[in-house]
Structures are given as C-alpha cells and as structure tokens.
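Engineer: So the protein lines, in turn, are chains A and B. For the first sequence, the working numbering gives the first residue as 1, with consecutive numbering after it. For the second sequence, the working numbering gives the first residue as 331, with consecutive numbering after it.
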Amino acid sequence: MARNSSPAGPLFGRIVLWWRVLRQTPAFRITSVFARRLTGKPLVISIPYLWLLLFFVIPFIIVLKISFAETRIAMPPYSPLWEWTSNTMLEVRLTIGNYAFLFQDALYSNAYLSSMRIAGISTLLCLIIGYPMAYGMARSKSSTRNILLLLVVLPFWTSFLLRVYAWIGLLKNNGVINNLLMAMGIIKEPIVMMQTDFAVYLGIVYSYLPFMILPLYSTLEKMDLTLLEAAADLGCRPTKAFLKITLPLSTPGIVAGCMLVFIPAVGEYVIPALLGGPDTLMIGRVLWDEFFANRDWPVASAVAIAMLLLLVVPIMIFQYTQGREMRAHK
Amino acid sequence: MIGKRSLFILCALVLGFAFLYIPIISMVVFSFNASKLVTVWDAYNSPTLKWYVSMFANEQLLDAAKLSITIAAMNATGAVILGTVAGLVLARFGRFGGRTLLSGITSAPLVMPEVITGLSLLLLFVTMESIFGWPAGRGITTITIAHMTFSMAYVTVIVQSRLSTFDESLEEAAMDLGAHPRKVFFVITLPIIMPAILSGWLLSFTLSWDDLVISSFVSGPGSTTLPMLIFSKVKLGVNPEVNALATVLVAIVSVGVVFAAWWMRRQERIRERDVQMAIAANQ
Numbered sequence: 001m002a003r004n005s006s007p008a009g010p011l012f013g014r015i016v017l018w019w020r021v022l023r024q025t026p027a028f029r030i031t032s033v034f035a036r037r038l039t040g041k042p043l044v045i046s047i048p049y050l051w052l053l054l055f056f057v058i059p060f061i062i063v064l065k066i067s068f069a070e071t072r073i074a075m076p077p078y079s080p081l082w083e084w085t086s087n088t089m090l091e092v093r094l095t096i097g098n099y100a101f102l103f104q105d106a107l108y109s110n111a112y113l114s115s116m117r118i119a120g121i122s123t124l125l126c127l128i129i130g131y132p133m134a135y136g137m138a139r140s141k142s143s144t145r146n147i148l149l150l151l152v153v154l155p156f157w158t159s160f161l162l163r164v165y166a167w168i169g170l171l172k173n174n175g176v177i178n179n180l181l182m183a184m185g186i187i188k189e190p191i192v193m194m195q196t197d198f199a200v201y202l203g204i205v206y207s208y209l210p211f212m213i214l215p216l217y218s219t220l221e222k223m224d225l226t227l228l229e230a231a232a233d234l235g236c237r238p239t240k241a242f243l244k245i246t247l248p249l250s251t252p253g254i255v256a257g258c259m260l261v262f263i264p265a266v267g268e269y270v271i272p273a274l275l276g277g278p279d280t281l282m283i284g285r286v287l288w289d290e291f292f293a294n295r296d297w298p299v300a301s302a303v304a305i306a307m308l309l310l311l312v313v314p315i316m317i318f319q320y321t322q323g324r325e326m327r328a329h330k
Numbered sequence: 331m332i333g334k335r336s337l338f339i340l341c342a343l344v345l346g347f348a349f350l351y352i353p354i355i356s357m358v359v360f361s362f363n364a365s366k367l368v369t370v371w372d373a374y375n376s377p378t379l380k381w382y383v384s385m386f387a388n389e390q391l392l393d394a395a396k397l398s399i400t401i402a403a404m405n406a407t408g409a410v411i412l413g414t415v416a417g418l419v420l421a422r423f424g425r426f427g428g429r430t431l432l433s434g435i436t437s438a439p440l441v442m443p444e445v446i447t448g449l450s451l452l453l454l455f456v457t458m459e460s461i462f463g464w465p466a467g468r469g470i471t472t473i474t475i476a477h478m479t480f481s482m483a484y485v486t487v488i489v490q491s492r493l494s495t496f497d498e499s500l501e502e503a504a505m506d507l508g509a510h511p512r513k514v515f516f517v518i519t520l521p522i523i524m525p526a527i528l529s530g531w532l533l534s535f536t537l538s539w540d541d542l543v544i545s546s547f548v549s550g551p552g553s554t555t556l557p558m559l560i561f562s563k564v565k566l567g568v569n570p571e572v573n574a575l576a577t578v579l580v581a582i583v584s585v586g587v588v589f590a591a592w593w594m595r596r597q598e599r600i601r602e603r604d605v606q607m608a609i610a611a612n613q
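#1: Could you name the residues of the stretch 559-570 of chain B whose beta carbon sits closer than 8 Å to any beta carbon of chain A, in the order they occur along the chain?
#2: What is the DSSP secondary structure of Y108(A), reduced to helix, strand or coil?
#3: Which residue or residues does DSSP assign as beta-bridge partners of E91(A)?
#4: Are L274(A) and I168(A) closer than 8 Å when you measure CB to CB?
#5: Hey, could you find the ends of the alpha helix (DSSP H) N620(B) is sitting in?
#6: Counting only Cβ-Cβ distances shorter than 8 Å, please list the residues of the stretch 430-446 of chain B near chain A, keeping chain order.
#7: Name, going along the chain, the residues of the stretch 286-310 of chain A whose beta-carbon falls closer than 8 Å to a beta-carbon of chain B.
#8: Between M458(B) and L412(B), how many whole angstroms is the CB-CB distance? I'm expecting something under 8 Å.
#9: Out of A503(B), G434(B), A608(B), state which residue places its alpha-carbon closest to the alpha-carbon of A416(B).
#10: Closest to N363(B) by CA distance: which of K380(B), P353(B), F347(B), G463(B) is it?
#11: Report all residues from its chain with a CB closer than 7 Å to the CB of A2(A); omit the five preceding and five following residues, and keep chain order.
#12: Keeping to the same chain, check which residues put their C-beta closer than 7 Å to that of I401(B); ignore five residues upstream and five downstream.
#13: How far does the alpha helix (DSSP H) with P42(A) in it reach, from first residue to last?
#14: Quick check on T280(A): does DSSP put it in helix, strand or coil?
#15: Here's the rule: buried if 16 or more other CB atoms are within 10 angstroms of the residue's CB, otherwise exposed. What is Y320(A)?
#16: Nearest by alpha-carbon distance to A526(B): which of Q597(B), V605(B), T414(B) is it?
#17: At which residues does the alpha helix (DSSP H) containing A387(B) begin and terminate?
#18: In three-state DSSP terms, what is Y374(B)?
#19: Just to confirm before moving on: does the CB-CB distance between S114(A) and M316(A) stay below 8 Å?
#20: Hey, is S450(B)'s beta-carbon within less than 8 Å of any beta-carbon in chain A?
#21: Provide the residue(s) that pair with T71(A) in DSSP beta bridges, ordered along the chain.
#22: Keeping to the same chain, check which residues put their C-beta closer than 6 Å to that of E219(A); ignore five residues upstream and five downstream.
#23: Using 8 Å as the Cβ pair cut-off and three pairs as the minimum, do the stretch 161-178 of chain A and the stretch 358-372 of chain B touch?
#24: Does any residue of chain B bring its CB to less than 8 Å from the CB of M1(A)?
#25: If you measure from the beta carbon of R20(A) to each beta carbon in chain B, is any gap under 8 Å?
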C-alpha cells in the first residue's frame, strides 16, 4: 500500500505514512504490545513510563510552547499559540520576543554567569573543606568512623530550610557572631554579614558539604592501603605518596562530589533568597521572581528553557559519556 | 604516626564538624531564650519553654504540619511503588524498546533544578485543567503528584543498585521450579529489596517534607505546607517559634537516625553470625 498507488487518494496515503512513522516510536510500541496482551512485562514497563511521560516529558513540551507565547493579563496569563479565527483559518502566532528579551537584558546573562561563579566557588570550597574531613574519617578506627559517618548524615536528614535559617541567627547584625565579637571587645561596630554574597557562599557550602563528604569518603575508604605502604617502603615521602596515589585514586569521588554540589547549587533559590542581598543574582531566583513577582509566565518559561539548554543538557551528556566510559572499562 | 599530618587531619575534622553543628546547636539553645529578639540572651528569664507552648498552640502551624505529613506519607508510598517498578524494569527486564529513554527520564529529575520542575509541572496542571477540567484547582493532589515525580527517581536509583548487587540466580531458580513471575516477585525479589524500599520510603518522605520550591509552584490557596509557612515567617527575620519547631524536628530526626543506625548494625551482626554458623556447620 504505497502512498501513490493508494486507491483512496493522497489523504489516505498520508495517513498510512503517518501511521508508519508513529509505529516506530517506543511509546507506541509499548502501547500496542500492551493492547495485545494486557498482562505481563509490557504492563509493568508502562507504569513508570506513562507516569514519567505525563508528569516529566509533557510538562517540558508545554514550557517550550509557552516560552513562545505572548504575555497578557488574563488567566492563564499568556496568549494561545494557535487560534481558529474563522472556520477555516488557523492563526498561528509564535514570538521569539521572550528569548530576544533574555539576550538584550543584561540581567539574565549576569544572573546566569553569577550563578555559575557562586556555584563553582562554593563547590571548590566544599572540596577543600570536605576532602580532609573525608580523609580523616576514612583513616580513623572503624568504631569512630561509624559515629562520624552518622554525624555527617544527620544534618542531611534535618530540614534544609531550617539549616539555612539557622545562619540568619548567627550572621545578622545583632546575631550571635556579632554579639560575641562585640562582647569580647574585638569589634566595636557589627560586621554586616547578612544579605551579602559572603552569606550565600557560606549557606551553600554549609548545606551541601555532606554531599561532598559522602562520595569522597566512600572512595577513600575503599582504597587499598598497601599501595601506600609499598610507596613508603620504596622511599616515597608521604606528601608525594598522597599526590601520586591517594589523590588520583579518589578522582571518582571528587567528580561525584563536585557534581552533587554544583548541580543543585546553580539552580538554588532558597539560599540566595534568605541569606543573599537584593543584588545577589542567581538564575533560580530570577526565574522565581519572574514567575511569582512579575507574573510573566512566558519569560519565566524562556528562562527555564535557556537554563535547561545551558546547564542540564551539558550535565546529562557528561553523565552519559561517563557511564559509557565506565561500562567500557568493565 | 602522630605527626604534623595527622594533627592537620584532626584539626580539619574538629573544625569541620563544628561548622556543621554550631548553627544547629545555636538554634536549639536560643529556642529556650525568653527574649523576643531571639539572638540576644535574656539571662533573667531564660531558659523558658514559652515558645514551645505558643508553637503547640499555633493552629496555623499545626495545620501546615499535618498537611505536610499527609503529603509526605502519600508521596513516599506512591514514589516507592513507582520507583520499585521502574528499578525492577531497569535492572531485570533486559533490553526492550525505549529502555535508554526510560533510564534517561528516571534519572533526569535528579539533576533538574527545582525551579524548572516546579514551573513545568504547574504549567502542565494549568493546561490539563483547561482541557480536561482535572485537577480542579491546585492543592494537596497536585503537590503529591509533583513530589512523587522527583521522589520516584531517588527510589529507582536505590532499588536498581540493590538489585544489581544480587544476582538473578534465586529468581531464576524459583522460575525453574514453576513459580509464576508475579509470585517470584512477591516471594523472592520483594524481601531481597525490602531494605532498599524502606530507605527509599524514608528518603521520599524527607524530600517531600522538606520541599519548598516545587510545593510553592504547584500549591493553591488553602494548601500551605510547613516549609512554605516557615519560609514566609523567616523571610521577615528570625522567629522564636521557628527555633522551637526546629529543635523538636532535630530531636525527632536525631533519635530516628541513631535508632536506624543501631538497628542496621544489629541486623548486620545477626547476618554475620548466621554466615559464620553456616560455615561452621558445613565444616
């Protein structure tokens, strides 16, 4: 039943063509198998599949769609992309104005760059603080090790929001740190620490430190210590042995830890909102304000799409290639 | 080997843990402070429990806490079911059409910034409402669905890694003896992955209980979760009732985590003893 020889004309041929294209998609394959045999593997596979398609993939298509719409004051506050103006006229209106706006207004590129900078520096600080801690934990006695591990995990289970909040009490002008320093006579005027970039760095490092320590600890703990003994027997000094053996062997932990800190830190909203000042620009906060304060859904969607392309896609490609490399090593 | 190096490591550990715990400890200490200024210690009237009393009398706070617990429990249960199925599919079903896509979209929520997930789900709910009339308005249902979507990703990872450490021989043996795949799952696989499911449930509960950003996007009027309420309070500065609440939560979590660690160690010891006994019996 080729398209041209179809007896019912070009429309039928087109439907057949569409059918063939549609049949190739995995979602279709699953539904068709599902229809044939209502029990068994396909049913099981389709449960998580359909859930994620509906609540994870389709939402992004909608975000993409709305990022091309125009803002208007209504509910929902954006224009439809297509409209039947009469019975036969379909009017399609796509605007790239939202994206043009992102490029023109320096706010967005600055916010993006400063999120990357803040997240990058915080990740580095986490590594500098976390590495010696993970090292110390991995080299301590096994009874102490378990207690220390528990102490690292404990803050992780307590509320993130409350742990960020705890810093307000410490950092504000009449907070614990300033009161203590003034009582000791070290300073006369309180140091302004709240609503600064410093507070944001502190908040991020504090909140994400356990995410750095845990993967580092697990690689350092697994390390074969006889390698270090061999190096020492051969006259290698401890510092050199550390640089030549321990550090390279802990690279997987370093990479995992840095990813676990950097990724959520870039999109962070709570920490800059609570600890940062009005001039602390972070992309997550910009998106939030665009949505909640300006009620500009199309621009918020455009920010989300830009963030996705600039941040999430590179990370996923990185993860994918890493996974392939790991499989290749096996 | 007590040298400069181990002294440095010791200092790093002490300072590091001090850094992790000083904010929490200060929050706990100042929850007993009588002064409304919270961080200025009122030595005359303190310690006091008055913020605990006013916290437990605060209807708004209790309602928000109840709502959060309800959502967290529903979310954890749903996420565990979905995540277990996804983990099982990825670990045991071999190759099938769209496997790569499935493994991609189950791990994607882990790296997705919360603001994007929140925004996209809200737009989905708005679109669905205008087309199908469901979900009518936003509230407890939409928050639970949103939380399940990102929680199930964590459960999937946990269940999948648990399954990959077990080889399939037990399941194959049961199958060879004529057990139906469904029976194999409930009798063999499920008990094996039970620890993973339990920790997945707890993790999902915590993730949901703790979430502010996604809830703010997909909640509606009248459904203020506890983090949303706390956030609106602390944006205005420190609040003594929040300190009291934090202390209660920290106490509950500490007891829970310590108990869980103790229990896990005990199970481990029992298992080790059993293994040793089995070896001894064989000899």
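C-beta: ideal position from N, C-alpha, C; glycine also. No experiment lies behind these values; they were computed from the predicted model shown.
Structural biologist: Taking the structure as given:
#1: I560, F561, V564, K565, G567, V568
#2: helix
#3: E83(A)
#4: yes
#5: Only positions 331 to 613 of chain B appear in the structure, and residue 620(B) is not among them; the question remains open.
#6: L431, L432, G434, I435, T436, S437, A438, P439, V441, M442, P443, E444, V445, I446
#7: L287, W288, F291, F292, W297, A300, S301, A304, M307, L308
#8: Their Cβ separation, rounded to whole angstroms, is 19 Å, which puts M458(B) and L412(B) out of contact at 8 Å.
#9: The residue with the shortest Cα to Cα distance from A416(B) is G434(B).
#10: K380(B)
#11: Note that A2(A) has pLDDT 44, beneath the 50 cutoff, so the model's placement of it is unreliable and the number below is only indicative. So the list is empty, once near-sequence residues are dropped.
#12: I470, I473, T474, H477, S538, T555
#13: In this chain, the alpha helix (DSSP H) harbouring P42(A) covers 41-52.
#14: coil
#15: exposed
#16: T414(B)
#17: That residue, A387(B), is in no alpha helix (DSSP H); it is neither H nor E in DSSP.
#18: coil
#19: Not a contact, by the Cβ cut-off of 8 Å.
#20: yes
#21: Y78(A)
#22: Strictly speaking, residue 219(A) in this sequence is Thr, with Glu absent from that position. Correct list, in chain order: S250, P252, G253.
#23: yes
#24: In this predicted model, M1(A) has a pLDDT of only 40, less than 50, meaning its place in the structure is not dependable; the value taken from the coordinates is given anyway. Taking Cβ atoms only, chain B never reaches closer than 8 Å to M1(A), which makes this a no.
#25: Not one beta carbon of chain B lies nearer than 8 Å to the beta carbon of R20(A).
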